[in-house]
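A.B. asks: Its first residue numbered 23, the sequence shown is counted upward by one per residue in my numbering. The beta-carbon is built from N, C-alpha and C at its ideal position, and this holds for glycine as well. Just passing along the structure, written as structure tokens.
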Amino acid sequence: MIRYLIKNNFKLMARSKTNFLLFVITPLILIALLSSAFNDLMKKYEGDVSISAGYRIDDDTSTEILDALKDAAEEGNVDLKEYSTGEPEELIKEEDLGAFVVFNGDSYKIYQNDKNKEEGKALEYMINAFYDRVVTATVTQKTEQGVSSSDLRIENPDYMPPIESTDYYGIIEIVYFGWCAIVCGAGVFMNEKKYRIRKKLRVSSLSETQQYMAKYIPMVMVVSIGTLLSTALSILLFGVHWGNPLLSAVIVVLSTAAATALGLMVYSITDNMVVTIISVFSLVWFAGFFGGSFETYMFSAHSMSVKMASPIYHINRALVELSCMGHSDFVGSAIGYSLAIIVVCTLIGIFAGTIRKRGKA
Numbered sequence: 023m024i025r026y027l028i029k030n031n032f033k034l035m036a037r038s039k040t041n042f043l044l045f046v047i048t049p050l051i052l053i054a055l056l057s058s059a060f061n062d063l064m065k066k067y068e069g070d071v072s073i074s075a076g077y078r079i080d081d082d083t084s085t086e087i088l089d090a091l092k093d094a095a096e097e098g099n100v101d102l103k104e105y106s107t108g109e110p111e112e113l114i115k116e117e118d119l120g121a122f123v124v125f126n127g128d129s130y131k132i133y134q135n136d137k138n139k140e141e142g143k144a145l146e147y148m149i150n151a152f153y154d155r156v157v158t159a160t161v162t163q164k165t166e167q168g169v170s171s172s173d174l175r176i177e178n179p180d181y182m183p184p185i186e187s188t189d190y191y192g193i194i195e196i197v198y199f200g201w202c203a204i205v206c207g208a209g210v211f212m213n214e215k216k217y218r219i220r221k222k223l224r225v226s227s228l229s230e231t232q233q234y235m236a237k238y239i240p241m242v243m244v245v246s247i248g249t250l251l252s253t254a255l256s257i258l259l260f261g262v263h264w265g266n267p268l269l270s271a272v273i274v275v276l277s278t279a280a281a282t283a284l285g286l287m288v289y290s291i292t293d294n295m296v297v298t299i300i301s302v303f304s305l306v307w308f309a310g311f312f313g314g315s316f317e318t319y320m321f322s323a324h325s326m327s328v329k330m331a332s333p334i335y336h337i338n339r340a341l342v343e344l345s346c347m348g349h350s351d352f353v354g355s356a357i358g359y360s361l362a363i364i365v366v367c368t369l370i371g372i373f374a375g376t377i378r379k380r381g382k383a
């Protein structure tokens, strides 16, 4: 009996043009619009950012430190040229330098170009950062024989590389529309209520858990198929990059399963599809707003505690980091959050249905 109900509900939901439009076509439209609108915001700047600067050594400065500084300047697109003679202010004008730095032992003085103070500020920031993070980390021991310095240790901390707007919104919008899963079964459930099919099911041998699963399983299947189909089309049409396809697919399916459980729980409590859709859409909108579905979570000013409260944030961040880095610390929390929602909402939904059934018995 339950297999027949699952099969029948699956066919009815899969044939719905509304479901095809919502879970397959609409995400693609928003991906195209949002990725184009935010392309400049998320695009990696690749312009000419080189800075030309001069330097002079007026005292005994460690050759090791100077070599390390030159390497840091090269990585930061700063062209350092040595000038042994001449006044810094005159050299800036004559050589068209952005700035000039004079080293004197452990201290330094920076001269800026009045016409281009930005380059002077950039050079000042680079040298300050260099002295704070590298020079102060060097252990120097002064002895009677001279000065001995330990090797400079330079570390490159992990960071999140930039992600293109197409990849970001190509992932985010798929997840967001998956959380509107309750719409998938709206037509079927409203017809059940209209034609009093639920009353017939109440007198059948099916338990409340079986009746719940007869709705839950086909909804998860249809929404998951729709989101995965939309994902495949986004890859073909826009070239969206998904990192670790198998793990990403698991996260997306669990996300839709959690969204379905949430929607069915609200419907079991209210027994009104209009109220359910409004309530679920409101919850999803707020979770999506703080989770980065509309403005990127990297640039949003919301507090981290608010973001962490949104399950969509964990899912979005896990999938985006898998795309641009190949790994993410949020995979565990995304999966755990989804599983917790599935279990809690399912239990509440079945309990609410049981209470309603007894009240109408």
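#1: Any idea what DSSP makes of Ala323, helix, strand or coil?
#2: Output yes or no for whether 8 Å exceeds the beta carbon distance between Leu52 and Glu186.
#3: Whose CA, out of Gly285, Asn294, Glu230, Thr318, lies closest to the CA of Phe303?
#4: Between the region 361-381 and the region 286-293, do three or more beta carbon pairs fall short of 8 Å?
#5: Can you tell which of Ile334, Lys115, Ala151, Leu102 has the C-alpha that lies nearest to the C-alpha of Lys137?
#6: Which whole-angstrom value is the C-beta distance of Tyr191 and Leu43, which I expect to be below 8 Å?
#7: Whose CA, out of Leu341, Val100, Ile149, lies closest to the CA of Val272?
#8: Asp143 lies in the alpha helix (DSSP H); which residues open and close that run?
#9: So what does Gly358 bridge to, in DSSP terms?
#10: Would the beta-carbon of Gln391 fall within 8 Å of that of Ala121?
#11: Taking Thr278 and Ala203 to be in contact with their CB atoms under 8 Å, please state how far apart those CB atoms are, rounded to whole angstroms.
#12: Can you check whether the CB of Tyr105 is closer than 8 Å to the CB of Gly76?
#13: By the DSSP assignment, the beta strand (DSSP E) with Arg339 in it spans what residues?
#14: Excluding the 5 residues preceding and the 5 following Ser385 in the sequence, name in chain order all residues of the same chain whose CB lies nearer than 6 Å to its CB.
#15: Quick check on Glu109: does DSSP put it in helix, strand or coil?
#16: Can you tell me which residues form a DSSP beta bridge with Asn126?
#17: Report yes if the CB atom of Ala356 is closer than 8 Å to the CB atom of His336, and no otherwise.
#18: Can you tell me whether Val296 is buried or exposed, with buried defined as 16 or more other CB within 10 angstroms of its CB?
#19: Helix, strand or coil, according to DSSP, for Glu214 in the structure here?
#20: Out of Gly310, Ala36, Ala54, Asn31, point me to the one whose CA is closest to Leu258's CA.
#21: Please classify Asn31: is it buried, with 16 or more other beta-carbons within 10 angstroms of its beta-carbon, or exposed?
#22: Starting from the Cα of Gly310, find the closest Cα among Gly354, Val197, Lys139 and give me that residue.
#23: Could you pull the start and end residues of the beta strand (DSSP E) that Leu250 belongs to?
#24: Pick helix, strand or coil for Ser74, following the three-state DSSP scheme.
#25: Let me confirm a value: Met326 is counted as buried when at least 16 other C-beta atoms fall within 10 Å, else exposed. Which label applies?
#26: Roughly how many angstroms separate the alpha carbons of Ser246 and Ala94, rounded to a whole number?
#27: Out of Ile79, Arg380, Lys103, which has the shortest C-alpha to C-alpha gap to Leu130?
#28: Here's the rule: buried if 16 or more other CB atoms are within 10 angstroms of the residue's CB, otherwise exposed. What is Asp377?
#29: Is Lys139 buried or exposed, if buried means 16 or more other CB atoms sit within 10 Å of its CB?
#30: Nearest CA to the CA of Val123: which residue from Ile149, Gly354, Leu228?
#31: Going by beta-carbon coordinates alone, are Ser354 and Lys329 separated by less than 8 Å?
#32: Using a beta-carbon distance below 8 Å, is Gly358 in contact with chain C?
#33: Would you identify the three-state DSSP class for Asp189, choosing helix, strand or coil?
#34: Any idea which residues DSSP pairs Ile364 with across the strands?
#35: Judging by CA-CA distance, which residue of Lys379, Leu276, Pro240, Asn338 is the nearest neighbour of Ile24?
#36: Can you tell me the Cα-Cα spacing of Phe211 and Gln233, whole angstroms?
C.D. replies: The relevant details are as follows:
#1: For the purposes of this step, residue 323 is identified with residue 301 of the sequence shown, where counting begins at 1. The answer is coil: DSSP assigns Ala323 none of H, G, I, E or B.
#2: The residue you call residue 52 lines up with position 30 of the sequence shown. The residue you call residue 186 lines up with position 164 of the sequence shown. No, Cβ-Cβ distance for Leu52 and Glu186 is not below 8 Å.
#3: Looking up residue 303 in the sequence shown gives position 281. Measuring from the Cα of Phe303, the nearest candidate turns out to be Gly285.
#4: yes
#5: Counted from its first residue, the sequence shown places residue 137 at position 115. Checked all of Ile334, Lys115, Ala151, Leu102; the closest Cα to Lys137 is Lys115.
#6: The sequence position of residue 191 within the sequence shown is 169, counting from 1. The sequence position of residue 43 within the sequence shown is 21, counting from 1. About 19 Å separates the two Cβ atoms, so there is no contact after all.
#7: Stepping through the sequence shown from its first residue, residue 272 is reached at position 250. Out of Leu341, Val100, Ile149, Leu341 has the C-alpha closest to the C-alpha of Val272.
#8: Walking along the sequence shown from the start, residue 143 turns up at place 121. The amino acid occupying residue 143 in the given sequence is Lys; Asp does not appear at that position. Here the alpha helix (DSSP H) through Lys143 covers 139-152.
#9: On the sequence shown, position 336 is the one that residue 358 refers to. DSSP lists no partner for Gly358.
#10: Residue coverage of the chain in this structure runs from 23 to 383, which leaves residue 391 outside it and unanswerable.
#11: Along the sequence shown, one-based indexing puts residue 278 at 256. Along the sequence shown, one-based indexing puts residue 203 at 181. Rounded, the Cβ-Cβ distance is 6 Å, consistent with contact.
#12: On the sequence shown, residue 76 is found 54 positions in, with the first residue counted as 1. On the sequence shown, residue 105 is found 83 positions in, with the first residue counted as 1. Yes; because the gap between Cβ atoms is below 8 Å, this pair is in contact.
#13: Along the sequence shown, read from residue 1 onward, the residue named residue 339 stands at position 317. Looking at the DSSP string, Arg339 is not in any beta strand (DSSP E); the run it does join, the alpha helix (DSSP H), is 333-346.
#14: Because the chain spans 23 through 383 in this model, residue 385 falls outside it and cannot be assessed.
#15: Here residue 109 refers to the residue found at position 87 of the sequence shown. Note: Glu109 maps to coil in three-state DSSP.
#16: For the purposes of this step, residue 126 is taken as the residue at position 104 of the sequence shown. Looking at the DSSP assignment, Asn126 forms a beta bridge with Ser129.
#17: As a first step, residue 356 must be located in the sequence shown, where it is residue number 334. As a first step, residue 336 must be located in the sequence shown, where it is residue number 314. Yes, they are a contact pair.
#18: Within the sequence shown, numbered from 1, the residue matching residue 296 stands at position 274. The residue is exposed, with fewer than 16 neighbouring Cβ atoms inside 10 Å.
#19: The sequence position of residue 214 within the sequence shown is 192, counting from 1. In the structure shown, Glu214 sits in a helix (DSSP, three-state: H, G or I).
#20: On the sequence shown, residue 258 is found 236 positions in, with the first residue counted as 1. Taking only the C-alpha atoms, the option nearest Leu258 is Ala54.
#21: The count along the sequence shown starts at 1 and reaches residue 31 at position 9. It counts as buried.
#22: One-based indexing of the sequence shown puts residue 310 at position 288. Looking at the Cα atoms, Val197 is the closest of the given residues.
#23: Here residue 250 refers to the residue found at position 228 when the sequence shown is read from its first residue. Segment 230-260 is the alpha helix (DSSP H) holding Leu250; no beta strand (DSSP E) there.
#24: Looking up residue 74 in the sequence shown gives position 52. Ser74 falls in the strand class under three-state DSSP.
#25: For the purposes of this step, residue 326 is taken as the residue at position 304 of the sequence shown. With fewer than 16 Cβ atoms within 10 Å of its Cβ, Met326 is classed as exposed.
#26: Translated into positions along the sequence shown, residue 246 becomes position 224. Translated into positions along the sequence shown, residue 94 becomes position 72. Computed Cα separation, rounded: 49 Å.
#27: As a working mapping, residue 130 is identified with position 108 in the sequence shown. It should be pointed out that residue 130 corresponds to Tyr in this sequence rather than to Leu. Checking every option, the nearest Cα to that of Tyr130 belongs to Ile79.
#28: In the sequence shown, residue 377 corresponds to position 355, counting from 1. Residue identity check: residue 377 is Ile in the sequence provided, not Asp. Looking at its Cβ environment, which holds fewer than 16 other Cβ atoms inside 10 Å, Ile377 is exposed.
#29: Numbered from 1 along the sequence shown, position 117 holds the residue referred to as residue 139. Label assigned to Lys139: exposed.
#30: Mapped onto the sequence shown, residue 123 falls at position 101. Out of Ile149, Gly354, Leu228, Ile149 has the C-alpha closest to the C-alpha of Val123.
#31: Position 332 of the sequence shown, counted from the start, is the residue given in the question as residue 354. Position 307 of the sequence shown, counted from the start, is the residue given in the question as residue 329. It is Gly, not Ser, that sits at residue 354 in the sequence shown. Result no, Cβ atoms of Gly354 and Lys329 do not sit closer than 8 Å.
#32: Note that chain C does not occur in the displayed structure, where there is just one protein chain.
#33: Within the sequence shown, residue 189 is the residue found at index 167, counting from 1. Looking at Asp189 - three-state DSSP - the assignment turns out to be helix.
#34: Along the sequence shown, one-based indexing puts residue 364 at 342. Ile364 is not bridged to any residue.
#35: Translated into positions along the sequence shown, residue 24 becomes position 2. The shortest C-alpha separation from Ile24 is found at Pro240.
#36: Residue numbering aside, residue 211 sits at position 189 when the sequence shown is read from its first letter. Residue numbering aside, residue 233 sits at position 211 when the sequence shown is read from its first letter. Going from the Cα of Phe211 to the Cα of Gln233 covers about 12 Å.
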